[in-house]
Amino acid sequence: VQLLESGGGLVQPGGSLRLSCTASGFTFSTFAMSWVRQAPGKGLEWISGIYSDGGGANYVDSVRGRFTISRDDLKNTVYLQMSSLRAEDTAVYFCAKGGKKFLDYWGQGALVTVSA
Amino acid sequence: DVAMTQAPHSLSVTPGQPASISCKSSQSLLYRDGMTRLYWYLQRPGQSPQLLIREVSNRFSGVSDRFSGSGSGTDFTLKISRVEAEDVGVYYCMQSVQFPITFGQGTRLEIK
Chain A
1 VQLLESGGGL
11 VQPGGSLRLS
21 CTASGFTFST
31 FAMSWVRQAP
41 GKGLEWISGI
51 YSDGGGANYV
61 DSVRGRFTIS
71 RDDLKNTVYL
81 QMSSLRAEDT
91 AVYFCAKGGK
101 KFLDYWGQGA
111 LVTVSA
Chain B
1 DVAMTQAPHS
11 LSVTPGQPAS
21 ISCKSSQSLL
31 YRDGMTRLYW
41 YLQRPGQSPQ
51 LLIREVSNRF
61 SGVSDRFSGS
71 GSGTDFTLKI
81 SRVEAEDVGV
91 YYCMQSVQFP
101 ITFGQGTRLE
111 IK
C-alpha cells in the first residue's frame, strides 16, 4: 500500500488550496479514506472521511463548511478542497486508508502553511 | 465528541524494561456490532503514524509481539514487554465508536 499526498504549500489567510492523495496497492474503490492533520508540535486530529459506494462523508466541526472531501475511484485519488483558510489550519495533512473503523496505512503528509 | 485521555504524557525507559500507557475515553467504546473501537498508533520521529493495535488487543500485521493491548469499556492499556531503541516516538490511542474520530494527546516514549 502506498499513499502519496501532493498540493501542499504556502497560502494566505482566506485563501484556498486543494490536496490530493493518490493510492496504490489496494482496491481503492472499496475502502473509506480519511484526512488527518497535525499542527506543528501537536497531536493528531482527524478532520474528514469519505466512504465507498456513495456512502457519504463526515467532517470535524472545525472544518465543516470550509473543507470538502471527494474521491475519484478511476484515478485512485482522494482530494481535500480547503477554503477560507486560517492560521490555525497550518499543519501537516496526512491521507490515510480507512475511516469507518481504523486507519491502517498513512501517507507521508503534505505541509500546509497559512500565513500572510 | 469522545474525549481520549492518555497517561503519562511522557516516559523514559531503560532498554529491556517494560512500559505501559493508559488511555481513558469519556464514554464506552463498545460498538453495536460487539467490537470495541479502540486503536493504538506509534509515530516515530519524522514519520507518519503506524497502526500497532486494532480493536483493543489485536496486533496489526508485522507488529512485534512485544506490544500488547488490553482493556474494555472506557479504560485501556498498551504494554511493551521489553522496550527497544526502535520503540522511541509518540504513542496515540484513537476511537472510532462515534464521529468525529478522536485521538488521545499522545505519550512520548524515550530511551534512558
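Chains as they are written, first to last, in the working numbering: chain A, 1 to 116; chain B, 1 to 112.
Cβ atoms here follow ideal geometry from the backbone N, Cα and C, with glycine treated the same way.
Contact annotation: in the stretch 53 to 73 of chain B, residues whose CB is within less than 9 Å of a CB in chain A are R54, E55, F60 and S61. Secondary structure at E88 (chain A): helix, using DSSP grouped into helix, strand and coil.
A straight-line Cα-Cα distance of about 42 Å links L78 (chain B) and A116 (chain A). Neighbours of K101 (chain A) in chain B, taken as residues whose beta carbon is under 9 Å from its own, are Y31, M35, R37, Y39, R54, E55 and S96 in chain order. Here the C-alpha atom of Q43 (chain B) lies approximately 30 Å from the C-alpha atom of G55 (chain A).
Contacts between W106 (chain A) and chain B, judged by CB atoms closer than 8 Å, involve S48, P49 and Q50 in chain order. Following the DSSP letters along the chain, one finds E5 (chain A) inside the beta strand (DSSP E) bounded by residues Q2 to S6.
Under DSSP, Q17 (chain B) takes part in no beta bridge, so it has no partner. In this model, Q2 (chain A) and G73 (chain B) are separated by some 34 Å (Cα to Cα).
Within 7 Å of the CB of G106 (chain B), the CB atoms of chain A belong to G43, in sequence order along the chain. F94 (chain A) sits in a strand when the DSSP states are folded into three classes.
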